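If you count the sequence shown from 1, you need to add 1 to reach this note's numbering. Structure first, then comments.
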Amino acid sequence: MLIGLSAALVIDGSEVGTLRLSKEAGAFIANAGKLHIHGTSIVGWSEEKQAAAHAVYEDHFDFRPFITSWSYSSTYIGAAELVSLGYGNQKSYGLSITSGPKAMTDITKYPAQRPSAIIVDSSFRNMLYGFYSYEADDVALIGNEYVDNIVYGVDPHDRSHRLTIAYNSAYGSYRKHGIIISRDVNDSSYIGNICFENKGSGFMVDRLSNGTFIYANTAYKNVQDGLTLFESGCNLIASNYLAANGWVGLRVRNSLDNGVFFNTIENNQRAGIYGYTAILEESAAQVGRNYTIDPYYSVAAMTLVGNHIEKNKMGVSVEEFDALYMNANSFPNQAPKIFYGKWFLKNPFILSQFDQSREGALITENCLDGTLIPQECSFRKAGFIKGDGQDEIEARVKASSACSGKIVTRSH
Numbered sequence: 002m003l004i005g006l007s008a009a010l011v012i013d014g015s016e017v018g019t020l021r022l023s024k025e026a027g028a029f030i031a032n033a034g035k036l037h038i039h040g041t042s043i044v045g046w047s048e049e050k051q052a053a054a055h056a057v058y059e060d061h062f063d064f065r066p067f068i069t070s071w072s073y074s075s076t077y078i079g080a081a082e083l084v085s086l087g088y089g090n091q092k093s094y095g096l097s098i099t100s101g102p103k104a105m106t107d108i109t110k111y112p113a114q115r116p117s118a119i120i121v122d123s124s125f126r127n128m129l130y131g132f133y134s135y136e137a138d139d140v141a142l143i144g145n146e147y148v149d150n151i152v153y154g155v156d157p158h159d160r161s162h163r164l165t166i167a168y169n170s171a172y173g174s175y176r177k178h179g180i181i182i183s184r185d186v187n188d189s190s191y192i193g194n195i196c197f198e199n200k201g202s203g204f205m206v207d208r209l210s211n212g213t214f215i216y217a218n219t220a221y222k223n224v225q226d227g228l229t230l231f232e233s234g235c236n237l238i239a240s241n242y243l244a245a246n247g248w249v250g251l252r253v254r255n256s257l258d259n260g261v262f263f264n265t266i267e268n269n270q271r272a273g274i275y276g277y278t279a280i281l282e283e284s285a286a287q288v289g290r291n292y293t294i295d296p297y298y299s300v301a302a303m304t305l306v307g308n309h310i311e312k313n314k315m316g317v318s319v320e321e322f323d324a325l326y327m328n329a330n331s332f333p334n335q336a337p338k339i340f341y342g343k344w345f346l347k348n349p350f351i352l353s354q355f356d357q358s359r360e361g362a363l364i365t366e367n368c369l370d371g372t373l374i375p376q377e378c379s380f381r382k383a384g385f386i387k388g389d390g391q392d393e394i395e396a397r398v399k400a401s402s403a404c405s406g407k408i409v410t411r412s413h
């Protein structure tokens, strides 16, 4: 079914309790206009089995029905249920909000209007991806549940901007993460979400996705991290609960302008907080990565203020970092190790040496190896992150050829 540019389709539960899309007949919905789904169930259906077209990762390339909303479209979903949709082909992942199709956008005189969506109070189960976007703007995902989806619960991707992801639950993702944003997904918010028992991390911010406000979320019992930040800067991380995850509570790699305030991070099986830089070209896990479309810098820093860090295998672990500011963090029952890593081996008395309830402690690395991708951080510009050693990093990178190579610890 194709919904044209000037058309609208309304699927309402008062008229259609369940809409079955046939797997064997190759059914799908492509929306270029307006799609309204309310109070109904949309089910990928196997006529052969007379049941929902349930799939697992091992057969994810087999066709299943899907819904894709293209450029110029608006999609509105409320109080609905979407089940067993999506397979491993481009833009057919289940529910996709995406610019394109390319054949159309290539011949238009002006840039295509980006698609948008509002999706509230709905349930997504056994989708390949519970939600996917590509070059979409102003999408709101509010109050939904993403349950037992095959790869991701929520996966906004390439150059999607100003997303609001709030009050959702994402759990049981079979292959990867509960909620991830990746590749230039900027100026977005995670607020009040719960992610647990996902095969990957609960939450992830990836590949130069900047300006993310991460507030009052909960991540627990995920196989990997509670919250993972890879090559993404300008993150304001406040009042989250990251507990009992299989790896790390909060992981930060190759990322600047990170403010980590008043979070509770406890009972994670590795570190509560782990920060480091890495040369990705040297990693077997990054083979095949395209560094033209996914550039990065091996520079990292963060600010830790007022966090409650307890009963992790290690409290804060830092390796090859560039600036770390700590103030008013508490470490009750954090044993056997409060701090771990290169910097703390050279600063074993940092808790007693500095009054962290007042001025705090700042550790910086004089020599910075690598290039820096210039970026402006809205949170730093607004004054939420300041005076923490991170605002000096660009100048220190430029002067790195003449640096002393010393680690410097001081009150700040």
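Virtual Cβ for every residue (Gly too), placed ideally from N, Cα, C. If you're wondering where the values come from, they're calculated on a predicted model, not measured in any experiment.
Quick one, which of 24, 258, 25, 124 has its alpha-carbon nearest residue 143's? Residue numbering aside, residue 143 sits at position 142 when the sequence shown is read from its first letter. Looking only at 24, 258, 25, 124, the smallest Cα-Cα distance to residue 143 is reached by 124.
CB of residue 393 within 8 Å of CB of residue 373, strictly: Here the question's residue 393 lines up with position 392 in the sequence shown. Here the question's residue 373 lines up with position 372 in the sequence shown. Contact flag unset, no.
According to the neighbour-count rule (16 or more other Cβ atoms, all chains shown, within 10 Å of its Cβ), is residue 53 buried or exposed? Counting from 1 along the sequence shown, the entry for residue 53 is found at position 52. Residue environment for residue 53: buried (at least 16 other C-beta atoms within 10 angstroms of its C-beta).
Can you tell me where the alpha helix (DSSP H) holding residue 36 begins and where it ends? Locating residue 36 in the sequence shown gives position 35, counting from the first residue. Run containing residue 36: none in the alpha helix (DSSP H); it sits in the beta strand (DSSP E), 35-39.
Bridge partners for residue 378 per DSSP, in chain order? Locating residue 378 in the sequence shown gives position 377, where the first residue counts as 1. Paired residues: none, contrary to the question.
Expressed to the nearest angstrom, what Euclidean distance is found between the alpha-carbon atoms of residue 189 and residue 312? Residue numbering aside, residue 189 sits at position 188 when the sequence shown is read from its first letter. Residue numbering aside, residue 312 sits at position 311 when the sequence shown is read from its first letter. C-alpha separation (whole angstroms): 31 Å.
Residue 154 vs residue 141 beta-carbon contact at 8 Å: Within the sequence shown, residue 154 is the residue found at index 153, counting from 1. Within the sequence shown, residue 141 is the residue found at index 140, counting from 1. Result no, Cβ atoms of residue 154 and residue 141 do not sit closer than 8 Å.
Alpha-carbon to alpha-carbon, residue 173 and residue 45: Residue numbering aside, residue 45 sits at position 44 when the sequence shown is read from its first letter. Residue numbering aside, residue 173 sits at position 172 when the sequence shown is read from its first letter. Taking the straight line joining both Cα atoms gives about 20 Å.
To the nearest angstrom, how far is it from the Cα of residue 167 to the Cα of residue 246? Numbered from its first residue, the sequence shown carries residue 167 at position 166. Numbered from its first residue, the sequence shown carries residue 246 at position 245. For residue 167 and residue 246, the distance between alpha carbons rounds to 21 Å.
Span of the alpha helix (DSSP H) holding residue 151? As a working note, residue 151 is residue 150 in the sequence shown. Counting along the chain, residue 151 falls outside any alpha helix (DSSP H), and DSSP gives it neither H nor E.
With a threshold of 16 other CB atoms inside 10 Å of the CB of residue 151, please say whether the residue is buried or exposed. Locating residue 151 in the sequence shown gives position 150, counting from the first residue. So residue 151 ends up on the buried side.
Report, in whole angstroms, the separation of the C-beta atoms of residue 215 and residue 241, which I expect to be a contact under 8 Å. Counting from 1 along the sequence shown, the entry for residue 215 is found at position 214. Counting from 1 along the sequence shown, the entry for residue 241 is found at position 240. Distance from residue 215 to residue 241 at the Cβ level is roughly 6 Å; contact confirmed, criterion being Cβ atoms closer than 8 Å.
Inter-stretch contact (C-beta, 8 Å, three-pair minimum) for the segment 282-296 and the segment 247-260: As far as the Cβ criterion goes, the segment 282-296 does not touch the segment 247-260, which means the pair count is below three.
Residue 105, DSSP secondary structure in three states: Here residue 105 corresponds to residue number 104 of the sequence shown, with the count starting at 1. In the structure shown, residue 105 sits in a helix (DSSP, three-state: H, G or I).
Alpha carbon to alpha carbon, what distance is there between residue 74 and residue 10? Reading the sequence shown from its first residue, position 9 is the one you call residue 10. Reading the sequence shown from its first residue, position 73 is the one you call residue 74. Computed Cα separation, rounded: 12 Å.
Can you tell me whether residue 225 is buried or exposed? The criterion is at least 16 other CB atoms within 10 Å of its CB, across all chains shown. Locating residue 225 in the sequence shown gives position 224, where the first residue counts as 1. By the 10 Å Cβ count, residue 225 comes out buried.
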